[in-house]
Structures are given as structure tokens and as C-alpha cells.
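Number of protein chains: 2
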Amino acid sequence: MERAKQQLTVLRALAEADGPLSARELWSRLSGTGVGLATVYRALQRGVEEGMLESVELLGGGVRYEPKDREHHHYFLCSTCDHAFDLFGCVEGLESLVPDGFQMMGHEVVLLGTCDGCGTAA
Amino acid sequence: MERAKQQLTVLRALAEADGPLSARELWSRLSGTGVGLATVYRALQRGVEEGMLESVELLGGGVRYEPKDREHHHYFLCSTCDHAFDLFGCVEGLESLVPDGFQMMGHEVVLLGTCDGCGTAA
DNA sequence: GGAGAGATGATACTCGATTCTCAGTTATCT
DNA sequence: AGATAACTGAGAATCGAGTATCATCTCTCC
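Here the protein sequences line up with chains D and X, keeping their order.
In short: position in the first sequence from 1, add 149, done, that's this note's numbering.
In short: position in the second sequence from 1, add 149, done, that's this note's numbering.
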């Protein structure tokens with residue numbers, strides 16, 4: 150296997166994904182390539198430091214990563230396969246929910262349900 | 150201190166809170182009462198089993214708990230004190246974000262920013 | 001070809017969250 | 001009061017995520 154290029158392998162896999170991936174998810178996708186878990190973490194960390202990746206936190210713990218060049222978007226979390234999918238578009242009227250004295254600096258919307266594959270398979 | 154009533158103490162503290170609390174948060178609020186952490190976890194677990202409590206997961210890991218009798222609502226997560234506040238009201242237009250073939254069964258909206266206390270103090 | 005720097009995989013380790021264990025405590029029933 | 005079962009607090013044990021370590025490998029430069 151090639152060395153010194155694992156970082157690229159990691160970034161590429163992330164770019165090809167249809168949503169943010171956790172370190173473990175990413176690692177299992179690269180399992181055939183012999184990349185170590187530590188390398189995945191290192192590549193992700195470096196990617197974030199260099200501004201190429203962004204870490205996102207969704208429900209259920211774990212941090213996931215995705216390329217930073219994507220527009221503002223939200224996620225669909227499949228309760229069956231636990232995979233997160235990007236959703237493009239946003240919602241309105243969030244400001245009206247903010248109580249007096251609170252300052253909203255961002256928001257996160259996560260839709261829950263079953264994805265295409267899991268819903269069909271069931 | 151009274152025994153056999155710690156479960157009630159825990160449920161009451163949760164009912165009086167202005168948002169979902171994590172086990173630790175709850176424990177620190179009860180620190181004066183001598184309730185043990187294990188007891189807090191036990192009370193929460195029993196509360197969920199008996200249908201009185203609901204566990205919610207927000208960004209940033211940790212599971213939080215709140216009484217199940219509350220209406221559909223969302224949360225405001227303060228990035229300074231890391232406390233979650235209930236927000237009543239909801240948003241529209243979420244269905245339009247769902248891709249073909251996906252089935253939405255629920256949604257979660259979390260507003261991020263600084264709460265009343267933290268914003269004022271800063 | 002050889003030296004040095006950076007990258008890598010395997011694994012040990014750390015840290016926090018949650019659960020388990022156990023002996024002592026309390027309420028209930030007789 | 002005595003027996004029994006449920007409850008409790010403290011601390012040990014467990015588990016998973018993420019990090020640190022280390023010997024090895026690869027690339028670059030000389």
C-alpha cells in the first residue's frame with residue numbers, strides 16, 4: 150500500500166460521501182486499504198486545522214466530519230443504519246423561538262427517520 | 150437524610166428544571182442532599198422504564214432527561230454554560246427537505262448561542 | 001547508496017460516562 | 001422486636017472514543 154498518501158485517501162473518501170462521517174465510519178469504509186484508525190484521526194485533525202474539513206455534532210454523540218466547502222445545510226439521520234445524509238435547504242422562522250435575552254448564533258436541524266435503502270429493505 | 154425517597158427527589162428536580170438535564174447536571178443540583186450518582190442513574194433509568202421520563206440527545210454527546218408530559222418542543226443550547234433550555238413552538242416546512250424515498254418520522258431543532266445569564270454576564 | 005524528516009499501523013493508554021457490586025439502611029409485614 | 005425485601009451511597013469495574021507512543025517505512029535531498 151502507498152504511504153504518505155493516506156491523508157489524501159481519507160479526504161477523498163470524505164468528499165465522496167453523501168453526508169458527514171464519523172472517524173469509525175470512515176475507517177470501516179477504508180478497511181480494505183489497510184489504513185489505521187490512528188491515521189484516520191490524524192488526517193481528520195489535520196484536515197480541520199488546515200480548514201479543509203469541518204466537524205459537526207449531531208444527535209447521539211459522536212463527532213462527524215465533512216468537507217468545509219459545502220453550503221449551509223442540515224442532516225437526515227437514519228435510525229436504522231445510523232448514517233447521516235446531507236440535506237440542502239433550510240428552514241425559516243427560527244428567530245421567533247428565541248426567548249428574550251438569549252442570543253442565537255446558529256442552529257442545527259436534524260430530521261429523523263429511515264433512509265431510502267433502509268426503508269425499502271424493510 | 151431520608152431513604153427510599155431519592156427517586157422522588159430526582160423526579161422533582163427534573164420537573165422543576167427549565168430544560169432537559171444530564172445525569173451529572175442533575176447530580177450536582179442535588180449535591181446538598183447527599184444523593185449518590187448511582188442513585189441518580191437508577192432513578193433516571195426507572196423513570197424512563199415507567200414512562201415518566203424521556204431521554205433526549207442533543208449535540209455534543211451526553212444524554213439528557215426530562216419529564217415526558219411536555220408538549221412537542223425544541224431546545225436552545227448555551228455554548229457558554231452548556232445548559233439546554235426548552236423552547237416552545239415549532240417550525241414549518243421541514244417536509245420539503247426530505248429526499249425522495251426517505252421517510253421522516255421526527256425532527257429535532259437545536260438553536261445555539263448564549264443564554265440570558267451568560268450573555269448578560271459577558 | 002545513505003541520512004534525515006515526516007508518515008504510518010498497531011497497540012497501549014487516558015478520560016469520561018455509565019453500570020455493577022456490596023455492605024449498610026429503611027420500610028413493611030408479622 | 002424480628003425477618004425480609006427494597007433502596008441507597010461509595011467506590012470499583014466496564015466500555016467506548018480519542019490520543020500518545022514507538023518501531024518501521026517511504027520519500028527527498030545530498
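All C-beta atoms in this analysis are idealised placements derived from N, C-alpha and C, irrespective of residue type, glycine included.
Close-in-space but distant-in-sequence residues of the same chain around residue i (CB under 7 Å, 5 per side omitted)
{"i": "Met150 of chain X", "result": "Caution is warranted here: a pLDDT of 42 is assigned to Met150 of chain X, below 50, making its placement in the model unreliable, and the coordinate value is therefore given only provisionally. Correct list, in chain order: Thr182, Gly183."}
{"i": "His211 of chain D", "result": "According to the sequence as given, residue 211 of chain D is Gly; it is not His. The answer, listed in chain order, is Ser171."}
{"i": "Glu244 of chain D", "result": "Met253"}
{"i": "Arg195 of chain D", "result": "Gln156"}
{"i": "Gly200 of chain D", "result": "Lys217"}
Rounded Cβ spacing between residue i and residue j (contact assumed at less than 8 Å)
{"i": "Cys264 of chain X", "j": "Phe237 of chain X", "result": "Actually they are not in contact, since the Cβ atoms of Cys264 of chain X and Phe237 of chain X sit about 16 Å apart, beyond 8 Å."}
{"i": "Leu259 of chain X", "j": "Glu241 of chain D", "result": "One point to set straight first is that residue 259 of chain X is Val, not Leu, in the sequence displayed. Between Glu241 of chain D and Val259 of chain X the Cβ distance is about 16 Å, and since that is not below 8 Å, they are no contact."}
{"i": "Val179 of chain X", "j": "Leu163 of chain X", "result": "Rather than Val, the amino acid found at residue 179 of chain X in this sequence is Leu. Contact doesn't hold; Cβ gap of about 10 Å is too wide."}
{"i": "Leu208 of chain X", "j": "Leu207 of chain D", "result": "7 Å"}
Identified DSSP bridge partners for residue i
{"i": "Phe237 of chain X", "result": "X:His222"}
{"i": "Glu174 of chain X", "result": "Note: Glu174 of chain X sits in no beta bridge, so no partner."}
{"i": "Gly147 of chain D", "result": "For residue 147 of chain D there is no data in the structure shown, the boundaries of chain D being 150 and 271."}
{"i": "Glu215 of chain D", "result": "D:Glu203"}
{"i": "His256 of chain X", "result": "D:Leu260"}
{"i": "Cys227 of chain X", "result": "X:Gly262"}
Same chain, Cβ closer than 8 Å to residue i, five either side skipped, listed in chain order
{"i": "Val197 of chain D", "result": "Glu203, Ser204, Tyr214"}
{"i": "Val159 of chain X", "result": "Leu175, Leu179, Val184, Thr188, Val189, Ala192, Leu193, Gly196"}
{"i": "His221 of chain X", "result": "Cys239"}
Proximal residues to residue i (C-beta, below 6 Å), its chain only, five neighbours per side dropped
{"i": "Phe234 of chain X", "result": "Asp167, Gly168, Phe225"}
{"i": "Asp218 of chain D", "result": "none"}
Beta-carbon proximity of residue i to residue j, cut-off 8 Å
{"i": "Gln155 of chain D", "j": "Ala187 of chain D", "result": "no"}
{"i": "Gly262 of chain D", "j": "Ser228 of chain D", "result": "yes"}
{"i": "Gly268 of chain D", "j": "Gln252 of chain X", "result": "yes"}
Heavy atom of the ligand GDP within 7 Å of residue i beta-carbon
{"i": "Gly196 of chain D", "result": "Within the structure as shown, the ligand GDP is missing, as the structure has no ligands at all."}
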